[in-house]
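Student:
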Amino acid sequence: MALAVVALALVLMLRVTLVDRPFAGLGVGFVIAAGALVLLCAWTLASSLWSNAPARAIVEYDRTLLYLLAFVIVGAAGRTDTRMRTLARGLALGIVVVGVAGLLSRTLPDVFPVELTIVRSRLSFPLTYWNAMGVLMAIGVVLCFALTSDDRERMSVRMVAAGALPALAATLLLTYSRGGIAAAAAGLVVALVVGRPRAVAGALLATVPAVTFAVVTAYDAGALATDTPTSAAAVDQGHRVALVVAACMVGAAVLRGALAPLDGWLVRLRAPALLRGRSVLPGTAAVVAIAIITGALALGVPAEGERQYDRFVRGGAIPTSGDSRARLTNVASNGRVDFWSVALDAHRKDRALGAGAGTFPLLWERDREFVYQVEDAHSLYLEVLAELGIVGLVLLAIAVAFVLGGFLVRARGPDRALYGGVFAAALLWAVHAGIDWDWEMPAVTAWVFGAAGLALATPPMDGAPTRALGRPARIVLALGCLAIVVLPARAFLSAGPLRDSALAFERGDCPAAIDAALDSIAALGQRPEPFAILGYCDVRVGAPRLGVRALGNAVARDPGNWEYHYGLAIVRGAAELDPRPAARQAAGLNPGEPLVRDALRRFDTDDPTTWRRRALSAR
0 MALAVVALAL
10 VLMLRVTLVD
20 RPFAGLGVGF
30 VIAAGALVLL
40 CAWTLASSLW
50 SNAPARAIVE
60 YDRTLLYLLA
70 FVIVGAAGRT
80 DTRMRTLARG
90 LALGIVVVGV
100 AGLLSRTLPD
110 VFPVELTIVR
120 SRLSFPLTYW
130 NAMGVLMAIG
140 VVLCFALTSD
150 DRERMSVRMV
160 AAGALPALAA
170 TLLLTYSRGG
180 IAAAAAGLVV
190 ALVVGRPRAV
200 AGALLATVPA
210 VTFAVVTAYD
220 AGALATDTPT
230 SAAAVDQGHR
240 VALVVAACMV
250 GAAVLRGALA
260 PLDGWLVRLR
270 APALLRGRSV
280 LPGTAAVVAI
290 AIITGALALG
300 VPAEGERQYD
310 RFVRGGAIPT
320 SGDSRARLTN
330 VASNGRVDFW
340 SVALDAHRKD
350 RALGAGAGTF
360 PLLWERDREF
370 VYQVEDAHSL
380 YLEVLAELGI
390 VGLVLLAIAV
400 AFVLGGFLVR
410 ARGPDRALYG
420 GVFAAALLWA
430 VHAGIDWDWE
440 MPAVTAWVFG
450 AAGLALATPP
460 MDGAPTRALG
470 RPARIVLALG
480 CLAIVVLPAR
490 AFLSAGPLRD
500 SALAFERGDC
510 PAAIDAALDS
520 IAALGQRPEP
530 FAILGYCDVR
540 VGAPRLGVRA
550 LGNAVARDPG
560 NWEYHYGLAI
570 VRGAAELDPR
580 PAARQAAGLN
590 PGEPLVRDAL
600 RRFDTDDPTT
610 WRRRALSAR
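Under numbering that gives the first Met the number 0, the residues of the sequence shown are numbered 0 to 618, in order.
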């Protein structure tokens with residue numbers, strides 16, 4: 000991620016120095032959204048002042064900066080409908096490539112073998128996380144449907160988009176992501192309502208049968224939903240799924256082309272004047288709303304909704320083994336309610352500032368009611384509230400509101416189907432980010448800000464007189480581009496040696512581990528990890544007093560992390576120094592950790608020799 004940030008910053012610097020009007024697309028909405036993201040970046044970095052965990056803040060800063068740079072670079076040249084259409088096509092194509100790669104890895108594992116993740120029954124390749132894969136496929140479904148139902152789109156594009164839908168839908172199903180599937184369904188409805196595509200009839204006729212057949216076939220392949228998706232039975236079923244999906248893709252594309260005359264007829268067809276009037280929309284909406292409410296009451300939907308809500312809150316964790324198809328009808332939150340409760344509790348303790356960027360894992364370890372490793376709150380908004388307080392949430396809300404608003408205000412006129420589809424996909428992301436960690440997956444999130452930069456940009460004034468940016472301004476902006484990536488560049492340079500140090504430590508090569516750790520520290524001294532490796536290696540080579548100093552440096556750089564307090568207790572014990580205060584501190588930061596409880600028992604003595612012996616035998 001840090002390397003991507005550096006690359007984008009260099010692209011922006013080149014634009015600033017080489018283009019006459021590098022920010023021709025600047026407008027009020029663009030500036031407000033970009034300003035909110037700039038302030039969010041600054042606030043994220045500043046949070047290290049009260050969290051005392053700069054390395055965590057730098058990681059979060061890098062991610063937010065990545066989205067800011069994508070926003071600015073894509074929108075800087077100005078908005079045209081052609082550029083937005085090209086972006087939507089390219090984005091849809093990229094998602095289709097990812098989806099087909101994932102589908103082939105699951106249905107043809109003998110041809111395209113990949114390493115399976117911890118939950119083997121759920122498709123996660125190539126994004127490594129099944130729910131991220133699911134929401135990306137949902138975004139692809141919405142975009143491809145918008146393209147294939149847009150009467151202003153070239154027929155060749157409509158055909159390709161229609162052909163892609165069976166593959167995207169089957170891939171989405173094989174992730175068994177409940178949120179992704181629900182998001183796809185809701186996104187399609189939003190795209191239809193907002194975009195009002197005039198070629199929707201042909202799109203539905205061409206894609207619904209093919210998508211249905213592909214999804215049902217994938218669902219019936221039960222062996223693919225188990226913990227052994229590469230078994231002989233799974234491979235046999237996977238081959239059948241691949242063949243059926245391929246046939247459905249071809250069929251949908253061909254049928255979409257054959258229905259081209261229907262598109263033309265519908266475009267020429269004009270509704271009666273009464274139905275074209277704006278006053279009919281509120282009345283129709285009111286009638287539909289009344290009908291829905293009446294039907295819901297008659298069917299007992301409120302009572303059933305209350306029961307399902309109770310299951311969501313109290314359902315607990317969903318088993319990760321067995322048939323993953325069963326989870327599709329299980330409404331349990333899978334632990335999310337507990338994650339959200341910890342985030343809200345942290346917010347109540349510091350409403351304005353928050354606990355600091357990147358600290359939610361520490362909050363979870365300290366306040367959790369059951370032992371389960373979690374890195375994120377599974378909600379962008381609650382995690383920001385916990386880590387960056389009200390200030391951070393307001394800045395994020397402004398940015399997201401302008402992102403969505405930028406798409407929505409364009410969803411009118413002849414290109415409404417295009418902008419309506421992109422708006423639906425972005426809204427899908429914004430909602431899903433509230434129940435999962437999409438923000439931490441640039442492959443899922445970066446496009447939203449890039450496309451929003453284009454939507455919020457003003458059209459380039461080709462006929463207007465232009466004034467080139469002056470040299471002093473170019474120099475200042477170029478230096479600014481370099482300044483904002485100093486930390487990401489240092490983080491990137493530090494990451495490689497840190498990885499080498501960890502690998503050397505694992506194989507017992509402390510001299511190599513120490514050298515690499517020192518290189519990592521030289522590149523970015525805010526990281527605690529290399530200091531911890533130095534401390535443990537100092538104990539191994541017989542210099543425990545140096546280890547105490549090194550672990551103390553690690554604790555100072557991430558004081559809320561129980562692991563470094565635990566490590567400090569170990570090296571203090573090895574140095575025949577009292578380890579109990581550090582062990583008690585570790586226990587306070589992670590009371591449910593078995594290693595901490597073991598350390599408290601090990602060091603419950605006043606004998607330095609015993610401390611040393613037990614420290615050297617600890618894990």
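Here a beta-carbon is modelled for each residue, glycine too, at the ideal position from N, C-alpha and C.
On a predicted model such as this, the values are computed, not experimentally measured, just so you know.
#1: Mind the definition here: the stretch 439-456 touches the stretch 62-75 only if three or more C-beta pairs lie below 8 Å; say whether that holds.
#2: Go to tyrosine 371, then tell me how far its alpha helix (DSSP H) extends in each direction, as first and last residue.
#3: Which residues in the same chain as asparagine 329 place their Cβ atom closer than 6 Å to its Cβ, once the five residues preceding and following it in sequence are excluded?
#4: So, using beta-carbon positions, are aspartate 190 and valine 266 closer together than 8 Å?
#5: Using a Cβ-Cβ cut-off of 7 Å (strictly less than) and excluding sequence neighbours within five positions of leucine 545, which residues of its own chain qualify?
#6: Give a yes or no on whether the C-beta atoms belonging to alanine 160 and leucine 146 are separated by under 8 Å.
#7: Looking only at its chain, what residues have a beta carbon closer than 8 Å to the beta carbon of arginine 62, apart from the 5 residues adjacent to it on each side?
#8: Measure from the alpha carbon of alanine 131 to the alpha carbon of each residue in Tyr175, Leu381, Leu395, Arg105, then state which is nearest.
#9: For the alpha helix (DSSP H) that contains tyrosine 418, what are its first and last residues?
#10: Determine the closest residue to leucine 379 out of Arg473, Val215, Arg153, Gly433, with distance taken between C-alpha atoms.
#11: If contact is defined by three or more beta carbon pairs under 8 Å, each pair taking one atom from either stretch, is the stretch 248-263 in contact with the stretch 222-232?
#12: Which whole-angstrom value describes the C-beta separation of aspartate 149 and alanine 424, a residue pair presumed to lie in contact below a C-beta threshold of 8 Å?
#13: How big is the Cα-Cα spacing for valine 58 and methionine 83?
#14: Could you check where the alpha helix (DSSP H) with threonine 444 kicks off and where it finishes?
#15: Quick check on glycine 237: buried or exposed, where buried means 16 or more other Cβ atoms within 10 Å of its Cβ?
#16: Let's test the definition: count the other Cβ atoms within 10 Å of the Cβ of tryptophan 339 and tell me whether it reaches 16, buried, or not, exposed.
#17: Suppose contacts are defined by Cβ-Cβ distances below 8 Å. Is aspartate 375 in contact with phenylalanine 359 by that definition?
#18: Would you check if the distance between the CB atom of alanine 503 and the CB atom of valine 547 is smaller than 8 Å?
#19: With distance defined between alpha-carbon atoms, name the residue in Leu204, Asp577, Ser493 nearest to leucine 157.
#20: Note down the Cα distance separating leucine 327 from leucine 172, rounded to an integer number of angstroms.
#21: Mind the definition here: the stretch 599-612 touches the stretch 559-578 only if three or more C-beta pairs lie below 8 Å; say whether that holds.
#22: Aspartate 219: which of Cys509, Ala233, Gln584 sits nearest, CA to CA?
#23: Taking leucine 67 as the reference, which of Ala445, Leu122, Leu426 has the closest Cα?
#24: Quick check on DSSP: helix, strand or coil for serine 104?
#25: Taking three-plus beta-carbon pairs below 8 Å as touching, is the stretch 518-526 in contact with the stretch 488-504?
#26: If the criterion is Cβ atoms closer than 8 Å, does the pair valine 4 and valine 484 meet it?
#27: Can you check the stretch 72-136 for any beta strand (DSSP E) of at least 3 residues that lies completely inside it and give the ranges in chain order?
#28: At 3 residues or longer, what runs of the beta strand (DSSP E) sit wholly inside the stretch 0-26?
#29: Let's see if you can read the secondary structure: which residues bound the alpha helix (DSSP H) around glutamine 584?
#30: Please classify leucine 17: is it buried, with 16 or more other beta-carbons within 10 angstroms of its beta-carbon, or exposed?
#31: When you compare each of Asp366, Pro413, Ala494 to proline 590 by their alpha carbons, which one comes out closest?
#32: For leucine 476, name the three-state secondary structure that DSSP assigns.
#33: Assuming glycine 566 contacts arginine 611 (C-beta within less than 8 Å), just tell me the rounded distance between them.
#34: Roughly how many angstroms separate the alpha carbons of glycine 89 and alanine 450, rounded to a whole number?
#35: Going straight from the alpha carbon of proline 21 to that of leucine 468, what length do you get?
Tutor: Looking at the atomic coordinates:
#1: yes
#2: Counting along the chain, tyrosine 371 falls outside any alpha helix (DSSP H), and DSSP gives it neither H nor E.
#3: So the qualifying residues of the chain are Ile317.
#4: In the sequence on display, residue 190 carries alanine and not aspartate. No, they are not a contact pair.
#5: Asp537
#6: yes
#7: Met0, Trp438, Glu439, Pro441
#8: Tyr175
#9: 415-431
#10: Nearest to leucine 379 by C-alpha distance, out of Arg473, Val215, Arg153, Gly433, is Gly433.
#11: These segments do not touch.
#12: Cβ-Cβ separation between aspartate 149 and alanine 424: approximately 14 Å, too far for a contact (criterion under 8 Å).
#13: Their backbone Cα atoms lie some 31 Å apart in a straight line.
#14: 441-455
#15: So glycine 237 counts as buried.
#16: buried
#17: yes
#18: no
#19: The question names leucine, but residue 157 is arginine in the sequence shown. Arginine 157 has its Cα closest to that of Leu204, out of Leu204, Asp577, Ser493.
#20: If I take the Cα positions, the gap works out to 10 Å.
#21: yes
#22: Ala233
#23: Ala445
#24: helix
#25: yes
#26: yes
#27: Counting only runs of 3+ residues, no beta strand (DSSP E) is found wholly inside the stretch 72-136.
#28: Segments of the beta strand (DSSP E) lying fully in the stretch 0-26: there are none.
#29: Per DSSP, the continuous alpha helix (DSSP H) segment holding glutamine 584 begins and ends at 579-588.
#30: exposed
#31: Asp366
#32: helix
#33: At roughly 16 Å, the Cβ-Cβ gap does not stay under 8 Å, so glycine 566 and arginine 611 are not in contact.
#34: 11 Å
#35: 8 Å
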